[in-house]
Amino acid sequence: MLPFLPDVTVDPPSPERDAYEVSAEFYDILQADRDRARVHRFYARDVRTARRGVLDVGAGTGRVTLMSLAESRVPVHAVEPTRSMRSLLMTRLAALPADMRTRVTVHPQELGEAGLREVADVATCHNTIGCLPPDARRTLWPAVAEALVPGGVLLVHLPPDRLPRDEATHVLPAQKVGQHVYGGRMVMSADADRIRTRFDYWVRGARGVLREYTETFWMWPASRAEVTAQLAGSGFAPLPRRADPAVLAVRLGR
């Protein structure tokens, strides 16, 4: 039991289920290597040019945050409202040298609630926009513009541009951890105007399956042109296309 400290506020348990309650355990072990390479390819060049700060919107378990700390010497702001993912991020940060830890601030709420103003000249939204409904995206862009300095660059990992025609399954490469093997698959299918994304996870031991879990997420497709038009409403202008078409680069008008 925690000691009672009269000057400390303890939040009561939330009745709402954590959106990543299951996936947080499996995310890094099953997808870390691929995602680490993508993050470096997508954003490292721009992060190295940062002179004011780096903003990581939807930091998750910290792939972009840690890369930004390694590739720059500026303050990093990691925005992650989901407790399960943020817990993994904080564990990673705790293992860093003190000089790196002092450069990163973790914001445990939505960007619009964090009160950040002109704290960065480079911002990223990695693996985030696809999971936001259209209304939430339109709310996000003004908050990003507020957090960037004029002339700042925003790099957006684009969502799928259309609904899948048929159900598609992607098997996640199994990983061995001690005597157990972790594996899973992602199944995507269309549901009205959304994409149903189901993750099936399992853990196996010498005698077979020990645990199985399923978690479902929703994604909203949008084309590059649609995202660009939304961003234009908050003062962002497109930059030349990057080598990887999965990334949209825009600059905040001066």
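Mapping the sequence shown onto this note's numbering, position 150 (from 1) lands on 151, and the numbers just tick up by one.
Glycine included, every Cβ here is placed at the ideal spot set by N, Cα and C.
Check this for me: beta carbons of residue i and residue j, under 9 Å apart or not?
i, j, result
"V40", "V77", "no"
"V123", "G63", "no"
"A250", "L240", "yes"
"V23", "T125", "no"
"V228", "R138", "yes"
"P165", "M189", "yes"
Around the Cβ of residue i, are there at least 16 other Cβ atoms within 10 angstroms (buried) or fewer (exposed)?
i, result
"A95", "exposed"
"T50", "exposed"
"Q110", "exposed"
"A230", "exposed"
"H171", "exposed"
"E168", "exposed"
"R242", "exposed"
"E81", "buried"
"R87", "buried"
"P246", "exposed"
"P174", "exposed"
"G152", "exposed"
Tell me which same chain residues have a C-beta within less than 7 Å of the C-beta of residue i, skipping the five on either side of it?
i, result
"A20", "T83"
"R118", "E147, A148"
"A238", "V251, R252, G254"
Residues in the same chain with beta-carbon distance under 6 Å from residue i, minus the five sequence neighbours each way, listed in chain order, please.
i, result
"Y183", "I30, Q176, V204"
"S235", "W142, P143, A146"
"H108", "V80, A115"
"V11", "Confidence at V11 is low in this model, with a pLDDT of 37, below 50, so its placement is unreliable and the value that follows should be read with caution. So no residue of the chain qualifies."
"S69", "V48, V55, V77"
"R335", "Outside the shown range of the chain, which is 2 to 255, sits residue 335, and nothing can be said about it."
Excluding the 5 residues preceding and the 5 following residue i in the sequence, name in chain order all residues of the same chain whose CB lies nearer than 8 Å to its CB.
i, result
"D162", "P222, A223, S224, R225"
"P135", "W221, A223"
Rounded C-beta distance between residue i and residue j? I'm assuming under 8 Å.
i, j, result
"V248", "V157", "7 Å"
So with Cβ pairs under 9 Å, would you call residue i a contact of chain D?
i, result
"G116", "No chain D is part of this structure, which consists of one protein chain only."
| What are the complete beta strand (DSSP E) segments, minimum 3 residues, inside the stretch 155-223? | If one requires a minimum length of 3 residues, the beta strand (DSSP E) runs lying completely within the stretch 155-223 are 169-178, 181-192, 195-206, 209-220, in chain order.
| beta strand (DSSP E) runs contained entirely in the stretch 76-117, provided each spans 3 or more residues | With a minimum length of 3 residues, the continuous beta strand (DSSP E) runs that stay inside the stretch 76-117 are 77-80, 105-108.
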